[in-house]
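Trainee:
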Amino acid sequence: MHDIILKTEDVGVIYDGSIVALENVSLNVPTGRLTAILGPSGCGKTTLLKVIAGLIEPSTGTVKIRDKETIGPGPDRALVFQDFALLPWATVLQNVAFGLRAQGVSKREREKTSLHYIKEVGLSGFEDKYPHQLSGGMRQRTGLARALTVNSEILLMDEPFSAVDEQMRRKLQEDLLKLLKIENKTVIFVTHSIEEAVYLADQVVILSGRPGSISEIVYPEINRLGEIDLIRRQPRYIELVDEIWSSLKSYVE
Amino acid sequence: MSDPNNISQTPKHTAMNSVKFGAKSNILLWRLLSFLIVFLMWELAGRADISIAFPPFSKVAVAFVSMIFSGEFTTAYADSLPPLLIGLCITIIGGVIIGISIGLVRGAEWFIMPLLIIFQTAPVSALIPMLTYIYGISDTAKVVAIVILGMPLVALNSYKGIQATSPSLLEMSKSFRASWFDTILFVILPSAQKMIFAGLRLGVSGAFIGIVLAELLITPTGIGDLITYNRFIARYDKMFATIISILAVAGLTLGVMRMLEDSLFPSEKNE
Amino acid sequence: MLNSDMAKSKSSNRKFSFKRLMRTSPFWSLIFWAGIWEFIGQMGWMTLLPPLSGIWFAFAELLEQSAFWDAFAMTARTFGIGLGLSILVGIPVGVLMGISTRTDKILSIWVNLFLSAPITAVIPALMPIFGIADATVIATVILFSIWVVIIDTQAGITHVKDSLVEMGRNFGCSRWKIIIWIIIPAAMPEIITGVRLSVVRAVKGVIVGQIVIALIGFGGLFNTYLSYFLMERFWALIIVVFVMSFTIIGLVELLERRIAFYARAR
C-alpha cells in the first residue's frame, strides 16, 4: 500500500448553524496518486476541496497532512481554479510567477522557474500575452503552470477543465496525465464528470449531496502505462463509467 | 462562487470574508450610531469657533424645530412645490417619450442623442441665469430650469433601456413573427422598465438641483430664497436648518424611489 | 421609359444616402444643429441667440481679455485642487469601505445621501465660512465629486472575484498583500470609471460654485456678459467651457479604455 499523505478525519461543515454542507467525510489520499472527488452539483465537493486547501475551516473534524493536523493554507498544497483565477492585468509570465513572488523569491529566480513550467505545460511563446488574449485552455495551462512553480507536493484541482469546451477538455486531460508522469505529485481532482474521473483517477471518491457525504469509493485500476489514447477503449473503463452512473442516478433524481 | 446551483442554500460565505475587517451586526443600530457620530462631530466642530457662520449641531436642530412650528418651512415649501411638481411632470413625461422615441427610431436618435449627451455632461447650470431674461422672475423660469436639468437624464436612461434589450429576445420575437408594435409593447418596453424607472429617479434628483439653483439665482421665493434670506440676515442656524431640510427631503424622496425600484425590479444577482 | 428609370434611380440614390447618413455617428448631427443655430441667429428670432458666426469672432475677442485668462486660471486651479483632493481622499475611503464592514456601515448612508442630493443648496453655506475666494469653489468641487469616487471604488473592491482572493490565500499572501497586489488592481476599471464620473461632476461643481457666488471666475464673467447683454461673448464663453469639459472627460475616457482591456477577462 502507498503512503497516505493527506487524510480528512470526520470532516463536517455547517453554515449558519443549520445548513449541513458536509458530514462525516473521512478519506485517505495516497501519495503520488490522483484522487478524484466526484458528485453532482451541490454535493459539497468544492467545499471539501476548500477545506483540504485550508481556505474553509471545518466545523468538525480535521485535515491531517503526514499525520499532522493542519489549519489554513500551506506551501504543501497548490490550487488550480475552475475559473482560472488569473490576474487579468498581468502577462502569462507574471501570472505564473505570482506564487513565487508571494513567497519573496527574487525576480530572476522566479522568472527562470516560471519559464520552465510554461514550457512544460505547452505555452512556450505566450509568455507576454495577457489572459484576455488567450483561449480557455491556455488560461488553465497558465493556472496549472503557476501551481507547479511552488513545488507543492499536493495539487488541488477544482473542476479545472469544466470551463473549457469538450475538445480542449480532452486534450487537457491527456496532457495532465503526461505531465503527471514527469512530475511526482499527489493530485486531488474535483469533477462532476464520471468519464473524467475514471479516465484520470486512481481513486474515485463519490460524494452524494444534501448533506455531502461519501457514498462510495471506487478504484478504477486502469492501465495508464500504455498509449493514453487507448484508455477510453478499455472495457474496464466503459464498465466502470456505467456502474458509477447507475449508482449516481438515484442521487440526481 | 464555483457552485452556482447552490446559491439558495449557501449563505454569504465569500472569500472576501477572510480579508474583510469587522463583524456583521444589526444594520439599524449602525445607522443610528453613524448619525450620532456625525452629529457629535458637528457639535464639537461648531463649538470650536471655526467661524461664526458655522453653528454647532444643537443650534441648528433648535432652529430646525422652530422653523417647522413657525410655519416658515411650510410657506417656503408651498412656494416651491407647484413649479417643482409641474417641472417634474414635464420632465418625466417628456423625457420618457423622447427617450423611447430615439431608442426606437434611428433617425430621431441621430438628431437628438448628441444634444442629450451634451446636456447631461456639460455644466448646463451656466445657462440658468439666462432664463431670467427670457422668462423674467417667475415660476416659469423655475420650471424651465427643472426641465433643463432633469429631462436629459430621464431621456437618456429610457434610451439606454431600449438599447439594452437583449438581442436574443428580439430574435425570438422575430422568429414568432410578432408585429413591430407587439414587439415594442411586449418585449422592448417591459425589458426597459428598470432603466426607465432608474432614469425617473435621476430626473427627480436633477429636478431638486434645478429648483434650488433657480431659487438661488433667479426667483427670490421658495426654499432657495429661505436660504439666501437667512444668510443675508446672518441667521446661520436657520440657514443650515433650511439646507438640512432640503437634503432631507431630497434624500428621503430619492431613498423611497430607490426602495421602490429595488422591490419592483429586484436584481437578479443573488449576492 | 428611360427617363422614368433614371428618375427612379435618382430617387433611390437620394433615399440611399439619407439612410446612410443616419447610420453614421450621431455626432455629425451637431453640424446640422449648428446650421439651425446660425439660421435662427441670422433671422433674429431670439435676441438671446446671436448667429454662430458672430460668436466665432467673439471667441477671438475673448482670448484677448485678461479677465478671461484670470478666470481661466482660477477655474483651472480650483478644479485641479478640488478634483485632486477628491480622488486622493475618495479612493482610500472607498477601499476602506470595501474591506471594512464597520466603516461601510457608518459611512454608506452619508455617501449615498450626498451622492444624489442637491449639493447646490450647500454652496450658500460655504460662502460665509470660506469667503469669496478659491476655497469656496474648491470646497464645492470636492462636495460635488468625491462621493462618486468613493462609491465606485467601494463597488470595485467588493466585486472582486472570490477565486482571485482564494488564489492569493492559497499562495500564502498576507491580508495586506492581497489587498494591494490583487484587490486594488482588480478594482481599477471601476475606480477609473468613478474618476471619470467625478470629473463630470467636478466640472459642474466648479461652474455652479462660481455662478452661485457670481463674482469670481467664469461665473463672474457669465454674470457680467449677461448684465451688459454681450450675448456673443456669453455664448462664446459657454462654448469654451463646454468644449473644455468635454476634452477633459475625453482624456479620462482614453485612460479608462487602456485600463478596461482587462476588465473583460475578469
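These protein sequence lines map, in sequence, to chains A, B and C.
According to the numbering used here, the first sequence is numbered sequentially starting from 1.
According to the numbering used here, the second sequence is numbered sequentially starting from 1001.
According to the numbering used here, the third sequence is numbered sequentially starting from 2001.
Each residue gets a CB set at the ideal place from its N, CA and C atoms; glycine is no exception.
Apart from the five residues on each side of it in sequence, which residues of its chain come closer than 7 Å, Cβ to Cβ, to residue 1006 of chain B?
Mentor: For the purposes of this step, residue 1006 of chain B is identified with residue 6 of the second sequence, where counting begins at 1. Confidence is the limiting factor: at residue 1006 of chain B the pLDDT is only 30, short of 50, which leaves the residue's position unreliable, though a coordinate-based value still follows. Hits under 7 Å: none found.
Trainee: Rounded to a whole number of angstroms, what is the C-alpha to C-alpha distance between residue 1124 of chain B and residue 2192 of chain C?
Mentor: As a working mapping, residue 1124 of chain B is identified with position 124 in the second sequence. As a working mapping, residue 2192 of chain C is identified with position 192 in the third sequence. Straight-line Cα distance between these residues: approximately 24 Å.
Trainee: Run through DSSP, which three-state label would residue 2010 of chain C get?
Mentor: By 1-based counting over the third sequence, the position of residue 2010 of chain C is 10. With a pLDDT of only 49 at residue 2010 of chain C, under the threshold of 50, the placement of this residue in the model should not be trusted; the figure read from the coordinates follows. It is helical.
Trainee: Would you verify that the beta carbon of residue 2112 of chain C is, or is not, closer than 8 Å to some beta carbon of chain A?
Mentor: Taking the third sequence and counting its residues from 1, one reaches residue 2112 of chain C at position 112. With 8 Å as the cut-off, residue 2112 of chain C does not count as an interface residue toward chain A.
Trainee: Using a Cβ-Cβ cut-off of 8 Å (strictly less than) and excluding sequence neighbours within five positions of residue 81 of chain A, which residues of its own chain qualify?
Mentor: Here residue 81 of chain A refers to the residue found at position 81 of the first sequence. So the list reads 143, 158, 160, once near-sequence residues are dropped.
Trainee: Three Cβ pairs or more, each shorter than 8 Å: is that satisfied between the segment 63-81 of chain A and the segment 2168-2178 of chain C?
Mentor: The segment 63-81 of chain A vs the segment 2168-2178 of chain C: in contact.
Trainee: Using a C-beta cutoff of 8 Å, does residue 1212 of chain B count as contacting chain C?
Mentor: Locating residue 1212 of chain B in the second sequence gives position 212, where the first residue counts as 1. Chain C, which has a Cβ nearer than 8 Å to the Cβ of residue 1212 of chain B, makes this yes.
Trainee: Taking the C-alpha atoms as reference points, what is the distance between residue 1012 of chain B and residue 6 of chain A?
Mentor: Within the second sequence, numbered from 1, the residue matching residue 1012 of chain B stands at position 12. Within the first sequence, numbered from 1, the residue matching residue 6 of chain A stands at position 6. Confidence is the limiting factor: at residue 1012 of chain B the pLDDT is only 37, short of 50, which leaves the residue's position unreliable and the question unanswerable from this model.
Trainee: Taking its Cβ as the centre, do 16 or more other Cβ atoms sit within 10 Å of residue 1242 of chain B, making it buried, or is it exposed?
Mentor: Counting from 1 along the second sequence, the entry for residue 1242 of chain B is found at position 242. When all chains shown are included, residue 1242 of chain B counts as buried.
Trainee: Given that residue 1068 of chain B touches chain C, what residues does it touch there, using C-beta distances under 8 Å?
Mentor: What you label residue 1068 of chain B is simply residue 68 of the second sequence in a count that begins at 1. Ordered by position in chain C, no residue passes the 8 Å Cβ test against residue 1068 of chain B, which lies about 18 Å from the chain.
Trainee: Whole angstroms are fine: how far does the CA of residue 1161 of chain B sit from the CA of residue 1169 of chain B?
Mentor: Counting from 1 along the second sequence, the entry for residue 1169 of chain B is found at position 169. Counting from 1 along the second sequence, the entry for residue 1161 of chain B is found at position 161. For residue 1169 of chain B and residue 1161 of chain B, the distance between alpha carbons rounds to 14 Å.
Trainee: Is residue 2129 of chain C close to chain B? Criterion is C-beta to C-beta, closer than 8 Å.
Mentor: Within the third sequence, numbered from 1, the residue matching residue 2129 of chain C stands at position 129. Yes, its Cβ sits closer than 8 Å to a Cβ of chain B.
Trainee: Kindly indicate the opening and closing residues of the beta strand (DSSP E) around residue 158 of chain A.
Mentor: Position 158 of the first sequence, counting from 1, holds the residue named residue 158 of chain A. First-last of the beta strand (DSSP E) with residue 158 of chain A: 154-158.
Trainee: Under 8 Å, do residue 2098 of chain C and residue 2157 of chain C count as touching if we go by C-beta distance?
Mentor: Here residue 2098 of chain C refers to the residue found at position 98 of the third sequence. Here residue 2157 of chain C refers to the residue found at position 157 of the third sequence. In this structure, residue 2157 of chain C lies closer than 8 Å to residue 2098 of chain C by Cβ.
Trainee: For the segment 2217-2244 of chain C, enumerate the residues whose C-beta is nearer than 8 Å to any C-beta of chain A, in chain order.
Mentor: Cβ contacts with chain A come from no residue of the segment 2217-2244 of chain C.
Trainee: Within 8 Å (strictly less), CB to CB, does residue 1072 of chain B reach chain C?
Mentor: In the second sequence, the residue the question calls residue 1072 of chain B occupies position 72. Chain C contact via Cβ: absent.
Trainee: Between which residues of its own chain and residue 117 of chain A is the CB-CB distance below 6 Å, once the five residues before and five after are set aside?
Mentor: Taking the first sequence and counting its residues from 1, the one referred to as residue 117 of chain A is at position 117. 145, 148, 149.
Trainee: I believe residue 1143 of chain B touches residue 1223 of chain B by the beta-carbon criterion, under 8 Å. Please report the beta-carbon distance rounded to the nearest angstrom.
Mentor: Within the second sequence, the letter at position 143 stands for residue 1143 of chain B. Within the second sequence, the letter at position 223 stands for residue 1223 of chain B. Their Cβ separation, rounded to whole angstroms, is 15 Å, which puts residue 1143 of chain B and residue 1223 of chain B out of contact at 8 Å.
Trainee: What whole-angstrom Cβ distance do residue 21 of chain A and residue 54 of chain A have, given they're in contact under 8 Å?
Mentor: Within the first sequence, residue 21 of chain A is the residue found at index 21, counting from 1. Within the first sequence, residue 54 of chain A is the residue found at index 54, counting from 1. Between residue 54 of chain A and residue 21 of chain A the Cβ distance is about 16 Å, and since that is not below 8 Å, they are no contact.
Trainee: Mind listing which residues of the segment 2205-2217 of chain C have their C-beta closer than 7 Å to chain B's C-betas, in chain order?
Mentor: Going along the segment 2205-2217 of chain C in chain order, one finds 2207, 2208, 2211, 2212 with a Cβ nearer than 7 Å to chain B.
Trainee: Quick check on the DSSP output: the alpha helix (DSSP H) that includes residue 2109 of chain C runs from which residue to which?
Mentor: By one-based count along the third sequence, residue 2109 of chain C stands at place 109. First-last of the alpha helix (DSSP H) with residue 2109 of chain C: 2101-2116.
Trainee: Roughly how many angstroms separate the alpha carbons of residue 1196 of chain B and residue 1121 of chain B, rounded to a whole number?
Mentor: What you label residue 1196 of chain B is simply residue 196 of the second sequence in a count that begins at 1. What you label residue 1121 of chain B is simply residue 121 of the second sequence in a count that begins at 1. Taking the straight line from one Cα to the other gives about 19 Å.
Trainee: Can you name, in chain order, every residue of its own chain whose Cβ lies under 8 Å from the Cβ of residue 2160 of chain C, other than the five neighbours on each side?
Mentor: Translated into the one-based positions of the third sequence, residue 2160 of chain C becomes position 160. Counting only Cβ-Cβ distances below 8 Å, and skipping sequence neighbours, we find 2182, 2183, 2186, 2187.
Trainee: Is the beta carbon of residue 132 of chain A sitting closer than 8 Å to the one on residue 2246 of chain C?
Mentor: Against the first sequence, residue 132 of chain A aligns to sequence position 132. Against the third sequence, residue 2246 of chain C aligns to sequence position 246. It is not a contact, given that the beta carbons lie outside the stated cut-off.
Trainee: Residue 2148 of chain C and residue 2096 of chain C: beta carbons closer than 8 Å?
Mentor: Translated into positions along the third sequence, residue 2148 of chain C becomes position 148. Translated into positions along the third sequence, residue 2096 of chain C becomes position 96. No, these two residues do not count as a Cβ contact at 8 Å.
Trainee: Check residue 20 of chain A in the structure and name its three-state DSSP category.
Mentor: Here residue 20 of chain A corresponds to residue number 20 of the first sequence, with the count starting at 1. Here residue 20 of chain A sits in strand by DSSP.
Trainee: So, is residue 1167 of chain B buried or exposed, given that buried needs 16 or more other C-beta atoms within 10 angstroms?
Mentor: Taking the second sequence and counting its residues from 1, the one referred to as residue 1167 of chain B is at position 167. Flag for residue 1167 of chain B reads exposed.
Trainee: Determine whether the Cβ of residue 2059 of chain C lies closer than 8 Å to any Cβ atom of chain B.
Mentor: By 1-based counting over the third sequence, the position of residue 2059 of chain C is 59. No, residue 2059 of chain C lies away from the interface with chain B (no Cβ there is under 8 Å from its Cβ).
Trainee: Which chain C residues are close to residue 1228 of chain B, counting only those with a beta carbon under 9 Å from its beta carbon?
Mentor: Translated into the one-based positions of the second sequence, residue 1228 of chain B becomes position 228. What residue 1228 of chain B touches in chain C: 2124.
Trainee: Could you pull out every residue in the same chain whose Cβ sits closer than 7 Å to the Cβ of residue 2200 of chain C, ignoring the five residues on either side in sequence?
Mentor: Here residue 2200 of chain C corresponds to residue number 200 of the third sequence, with the count starting at 1. Counting only Cβ-Cβ distances below 7 Å, and skipping sequence neighbours, we find 2249.
Trainee: Can you name the start and end residues of the alpha helix (DSSP H) that residue 1150 of chain B belongs to?
Mentor: The residue labelled residue 1150 of chain B in the question sits at position 150 within the second sequence. Where residue 1150 of chain B is concerned, the enclosing alpha helix (DSSP H) stretches over 1139-1163.
Trainee: Which residue's Cα is closest to the Cα of residue 2209 of chain C: C:2239, C:2074, C:2019?
Mentor: Taking the first residue of the third sequence as position 1, residue 2209 of chain C is located at position 209. With distances taken between Cα atoms, residue 2209 of chain C lies closest to C:2074.
Trainee: Take residue 124 of chain A as the anchor and find which of A:152, A:105, A:92, A:155 has the nearest alpha-carbon.
Mentor: In the first sequence, counting from the first residue as 1, residue 124 of chain A sits at position 124. The candidate whose alpha carbon is nearest that of residue 124 of chain A is A:92.
Trainee: Compute the Euclidean distance between the alpha carbons of residue 2091 of chain C and residue 2162 of chain C, then round it to the nearest angstrom.
Mentor: Here residue 2091 of chain C corresponds to residue number 91 of the third sequence, with the count starting at 1. Here residue 2162 of chain C corresponds to residue number 162 of the third sequence, with the count starting at 1. If you take the alpha carbons of residue 2091 of chain C and residue 2162 of chain C, they lie about 21 Å apart.
Trainee: In whole angstroms, what is the alpha-carbon distance linking residue 1208 of chain B and residue 1249 of chain B?
Mentor: Taking the second sequence and counting its residues from 1, the one referred to as residue 1208 of chain B is at position 208. Taking the second sequence and counting its residues from 1, the one referred to as residue 1249 of chain B is at position 249. Roughly 9 Å separates the two Cα atoms.
Trainee: Indicate whether residue 102 of chain A and residue 114 of chain A have their beta-carbon atoms separated by less than 8 Å.
Mentor: Locating residue 102 of chain A in the first sequence gives position 102, where the first residue counts as 1. Locating residue 114 of chain A in the first sequence gives position 114, where the first residue counts as 1. No, the Cβ-Cβ distance between residue 102 of chain A and residue 114 of chain A is not below 8 Å.
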